Every structure is written in C-alpha cells, then in structure tokens.
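Chemist:
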Amino acid sequence: MDAKTVVISVSIIAAALVMAIGGYGPAKALGKALTEALDAIARQPEASDKIMRALFVGMALIESIAIYAFVIALIVLFANPLIGYIVK
C-alpha cells in the first residue's frame with residue numbers, strides 16, 4: 056500500500072471513531088437531562104415552564120457537541136490536510 060491509501064484508510068477509521076464517541080456522549084447527556092427535567096416537573100408542576108425553557112437551552116448546547124464532532128469528521132474525510140503533504 057502506498058502512503059495515500061494508508062492516510063485515507065486511517066482518516067476513515069478516525070472519522071468513524073469521532074462520530075461514535077462524539078455521538079455517544081451527547082446522546083447520553085440528552086437522555087439524562089430529559090430524565091432529570093421530567094423528574095423535576097413531576098415534583099413541581101407549577102415550575103414546568105421554567106424547567107422546559109432551561110431544558111431546551113441545555114439540550115441545544117449539548118447537541119452542539121455532536122454537531123462539532125460531525126464537522127470534524129467531515130473535515131477529516133473530505134478536506135484532509137495530510138493528503139496535501141503526501142501528494143507533493
């Protein structure tokens with residue numbers, strides 16, 4: 056195998072790992088946040104508006120981590136800077 060094939064193969068594996076790890080953490084955090092919010096609403100139904108507002112803001116921030124992981128995976132797959140060093 057030549058160097059370009061190795062870099063592309065490692066890039067594909069790295070992108071898969073980035074998406075696996077970058078998706079697992081936020082998914083677990085979103086589930087925990089929803090569980091805690093529903094528990095808080097069950098205890099204090101009159102505060103549900105404030106709890107839901109904070110939940111949605113928190114979920115948006117948590118979801119941004121998964122989006123950043125997706126962007127990094129796309130950069131590694133389609134705009135890999137290491138291929139430029141090998142092709143020269």
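In this note's numbering, the protein residues as written are 56 to 143.
Backbone N, C-alpha and C fix where the C-beta goes; we use that ideal spot for every residue, glycine too.
Since this is a predicted model, take the numbers as computed values, not measurements.
Quick one: give me the first and last residue of the alpha helix (DSSP H) that aspartate 94 is part of.
Modeler: First-last of the alpha helix (DSSP H) with aspartate 94: 58–98.
Chemist: The ligand HEM and phenylalanine 111: does any heavy atom of the ligand fall closer than 8 Å to the residue's C-beta?
Modeler: This structure does not include the ligand HEM; it has no bound ligands of any sort.
Chemist: Please report how far the alpha carbon of isoleucine 68 lies from the alpha carbon of methionine 74, in whole angstroms.
Modeler: 10 Å
Chemist: Applying the criterion that 16 or more other CB atoms from any shown protein chain within 10 Å of the CB defines a buried residue, is glycine 77 buried or exposed?
Modeler: buried
Chemist: From valine 62 to phenylalanine 125, what distance separates their C-alpha atoms?
Modeler: 19 Å
Chemist: Once you ignore the five residues that flank methionine 56 on each side, which residues in its own chain have a CB closer than 6 Å to its CB?
Modeler: none
Chemist: Take the Cβ of leucine 110 as the centre, count every other Cβ of all protein chains shown within 10 Å, and call the residue buried at 16 or more, exposed below.
Modeler: buried
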